[in-house]
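Numbering (this note's numbering), first residue to last: 103 to 170.
Backbone N, C-alpha and C fix where the C-beta goes; we use that ideal spot for every residue, glycine too.
This report refers to the structure that appears directly beneath it.
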């Protein structure tokens, strides 16, 4: 049986990942004074997070979730 977290846990997990990425990209408060934490690196990490996050979300959706 595969463990499937509910949506709230999933959102907090993704928020945690985003925080880790933003720390890595130099967005965190301690690094904000440093202008050389490049916006290109930040954009790259945000894009990779978006891609992984969207695939993560779409893979977890059930077909019944998409009933209109």
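- In the assembly as shown, residue 147 is a buried residue. Its beta-carbon has 16 or more other beta-carbons within 10 Å.
- For residue 120, the CB contacts under 7 Å within the same chain, skipping 5 residues up- and downstream, are 151 in chain order.
- If you draw a straight line from the Cα of residue 154 to the Cα of residue 140, it comes to about 22 Å.
- Assignment of residue 140 by DSSP, reduced to helix, strand and coil, places it in the coil class.
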